[in-house]
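Visitor: Handing you this structure, nothing more for now.
Residue numbers (my numbering): -3 to 302.
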């Protein structure tokens, strides 16, 4: 585990009923990171947080790393309304009506979390992440307290996809591998190494079965159909088939030494089907990963350098 969780990992609202004035005062003294939902972003882009026992206020410049110097846009604050945020409580104040409220800093929580990750984690370590948004080139993930790292599209799975939305949805909780940590703290992630080797996936199937898959690409020599997120086979050309369609496929043969699965498409139709993500590895670190069978001439290999 990474010591910190993505915002909202345990749901939209933490047990804020347990928050009291004394609890907040203790949190201020020991600098602990807390989490609670944002109920409003005011006209000045200060965030108002529901602490149960009182309201909390995160000033705009404390709303996220990079807001003060313009590296992070204010949409990062506005988009948190209705969602949980992590923060450090810094002081108890009284408003103009005499009501007690807590002054909070999300930026400080992010600094603490990022310092923990860059100090204690290395390439090959496995951590929790939450999908925050999807672009054609990859998925952006919260790896703790709202700190964002990129999961490039080519590291999502061995089976090729046209867009990260083919595999993930926003707010999905996933597991990822730290691929690299740059000197400036920028973190890049990987995912395919957790989805099993060719053999671990192929052993679930046998020749003669008819199974469900997704059409991932259409070439002049055949159609690639994904039957698990890390395993695809080649089907013979067929008219009327579209990329992204669900397909029922007959497994003609499984050729281990060539790492190939030959398929015949029985039927195809559109219904938004996507193979379920299954994690084959549940440890906390991967040093090296070889997708391919040993005797296969083609080798797909990842080396994580700490």
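Glycine residues also receive a C-beta, built at the ideal position from the N, C-alpha and C atoms.
Which term fits residue 364, buried or exposed, when burial requires 16 or more other beta carbons within 10 angstroms of its beta carbon?
Guide: Since the first and last residues shown for the chain are -3 and 302, residue 364 lies out of range.
Visitor: Going by other Cβ atoms of all chains shown within 10 Å of its Cβ, with 16 needed for buried, is residue 33 buried or exposed?
Guide: Reading the chain shown from its first residue, position 37 is the one you call residue 33. Answer is buried; the Cβ neighbour count reaches 16.
Visitor: List the residues that DSSP assigns as beta-bridge partners of residue 228.
Guide: On the chain shown, position 232 is the one that residue 228 refers to. BP columns for residue 228 point to 222.
Visitor: My output table needs one value for residue 286: the three-state DSSP class, helix, strand or coil.
Guide: Looking up residue 286 in the chain shown gives position 290. Residue 286: strand per DSSP, three-state reduction.
Visitor: What residues are listed by DSSP as bridge partners for residue 129?
Guide: On the chain shown, position 133 is the one that residue 129 refers to. According to DSSP, residue 129 bridges with 136.
Visitor: Using a threshold of 8 Å, state whether the C-beta atoms of residue 130 and residue 166 are closer than that.
Guide: Within the chain shown, numbered from 1, the residue matching residue 130 stands at position 134. Within the chain shown, numbered from 1, the residue matching residue 166 stands at position 170. A contact, by the Cβ cut-off of 8 Å.
Visitor: So the candidates are 180, 81, 14; which of them puts its Cα closest to the Cα of residue 115?
Guide: Indexing the chain shown from 1 puts residue 115 at position 119. When each option's Cα is compared against that of residue 115, the closest is 180.
Visitor: Please name the residue in 248, 110, 132 whose C-alpha comes closest to that of residue 202.
Guide: Numbered from 1 along the chain shown, position 206 holds the residue referred to as residue 202. Answer by Cα proximity: 248.
Visitor: Evaluate residue 255 with the Cβ neighbour count: other Cβ atoms within 10 Å of its Cβ, from every protein chain shown; 16 or more gives buried, anything less gives exposed.
Guide: Reading the chain shown from its first residue, position 259 is the one you call residue 255. Buried.
Visitor: Answer with buried or exposed for residue 16, where buried requires no fewer than 16 other C-beta atoms within 10 angstroms of its C-beta.
Guide: Here residue 16 corresponds to residue number 20 of the chain shown, with the count starting at 1. The residue is exposed, with fewer than 16 neighbouring Cβ atoms inside 10 Å.
Visitor: Within 10 angstroms of its Cβ, does residue 2 collect 16 or more other Cβ (buried), or is it exposed?
Guide: The count along the chain shown starts at 1 and reaches residue 2 at position 6. It is buried - the Cβ of residue 2 has at least 16 other Cβ atoms within 10 Å.
Visitor: Which of the three DSSP states is assigned to residue 295 in this structure?
Guide: Residue 295 sits at position 299 when you count from the first residue of the chain shown. Reduced to three states, the DSSP call for residue 295 is coil.
Visitor: What are the start and end residues of the beta strand (DSSP E) that includes residue 212?
Guide: Taking the chain shown and counting its residues from 1, one reaches residue 212 at position 216. 206 to 215 is the span of the beta strand (DSSP E), which, as asked, contains residue 212.
Visitor: Could you give the distance in angstroms between the alpha-carbon of residue -2 and the alpha-carbon of residue 174?
Guide: Along the chain shown, one-based indexing puts residue -2 at 2. Along the chain shown, one-based indexing puts residue 174 at 178. Only weak support exists for where residue -2 lies, its pLDDT of 46 falling under 50; the value from the coordinates is given anyway. For residue -2 and residue 174, the distance between alpha carbons rounds to 11 Å.
Visitor: Just tell me which of 51, 119, 141 has its CA closest to the CA of residue 125.
Guide: Taking the first residue of the chain shown as position 1, residue 125 is located at position 129. If we check each option's Cα against that of residue 125, 141 comes out closest.
Visitor: Under 8 Å by Cβ, that's how I've got residue 245 and residue 227 pegged, so tell me the actual separation to the nearest angstrom.
Guide: As a position in the chain shown, residue 245 is number 249, starting the count at 1. As a position in the chain shown, residue 227 is number 231, starting the count at 1. Actually they do not touch by this definition, with Cβ atoms about 12 Å apart.
Visitor: If we call anything under 8 Å between Cβ atoms a contact, is residue 314 one with residue 239?
Guide: No answer is possible for residue 314: the residues shown for the chain start at -3 and end at 302.
Visitor: Would you mind stating whether residue 128 and residue 108 have Cβ atoms separated by less than 8 Å?
Guide: For the purposes of this step, residue 128 is taken as the residue at position 132 of the chain shown. For the purposes of this step, residue 108 is taken as the residue at position 112 of the chain shown. The answer is no: Cβ separation not under 8 Å.
Visitor: Just verifying my parser: in three-state terms, what is the DSSP assignment at residue -2?
Guide: Position 2 of the chain shown holds residue -2. Residue confidence for residue -2 is low, a pLDDT of 46 falling below 50, so the modelled location carries little weight and cannot support an answer.
Visitor: Tell me the DSSP bridge mates of residue 85?
Guide: Position 89 of the chain shown, counted from the start, is the residue given in the question as residue 85. In the DSSP output, where bridge partners are listed per residue, residue 85 has 100.
Visitor: I want to see whether chain B comes within less than 8 Å of residue 105, judged by CB atoms only; does it?
Guide: Of the protein chains in the structure, only one exists, and it is not chain B.
Visitor: Can at least three beta-carbon pairs, one atom from the region 117 to 124 and one from the region 71 to 91, be found at a separation below 8 Å?
Guide: Output reads no: the region 71 to 91 does not touch the region 117 to 124.
Visitor: Which word fits residue 138, buried or exposed, when buried means at least 16 other C-beta atoms lie within 10 angstroms of its C-beta?
Guide: Position 142 of the chain shown holds residue 138. Answer is buried; the Cβ neighbour count reaches 16.
Visitor: Using CA atoms only, rank isn't needed, just tell me which of 275, 214, 177, 225 is closest to residue 110.
Guide: Against the chain shown, residue 110 aligns to sequence position 114. When each option's Cα is compared against that of residue 110, the closest is 177.
Visitor: Considering only the beta carbon of each residue, do residue 103 and residue 58 sit closer than 8 Å?
Guide: Stepping through the chain shown from its first residue, residue 103 is reached at position 107. Stepping through the chain shown from its first residue, residue 58 is reached at position 62. Yes, Cβ-Cβ distance for residue 103 and residue 58 is below 8 Å.
Visitor: I'd like to confirm the pairing. Which residues does DSSP put opposite residue 281 in its beta bridges?
Guide: Along the chain shown, one-based indexing puts residue 281 at 285. Per DSSP, 121.
Visitor: So if DSSP puts residue 42 in a beta bridge, which residue, or which two residues, is it bridged to?
Guide: Start at 1 with the first residue of the chain shown, and residue 42 comes out as number 46. According to DSSP, which records beta bridges pairwise, residue 42 is partnered with nothing at all.
Visitor: Kindly list the residues whose CB is nearer than 6 Å to the CB of residue 296, restricted to its own chain and excluding five residues on each side of it in sequence; keep chain order.
Guide: Indexing the chain shown from 1 puts residue 296 at position 300. Answer for residue 296: 287, 288, listed in chain order.
Visitor: What does the alpha-carbon distance come out to for the pair residue 303 and residue 266?
Guide: The requested residue 303 does not occur in the structure, where the chain is confined to residues -3 to 302.
Visitor: Residue 271: buried (16+ other C-beta within 10 angstroms of its C-beta) or exposed?
Guide: Within the chain shown, the letter at position 275 stands for residue 271. By the neighbour-count rule (16 or more Cβ atoms within 10 Å), residue 271 is buried.
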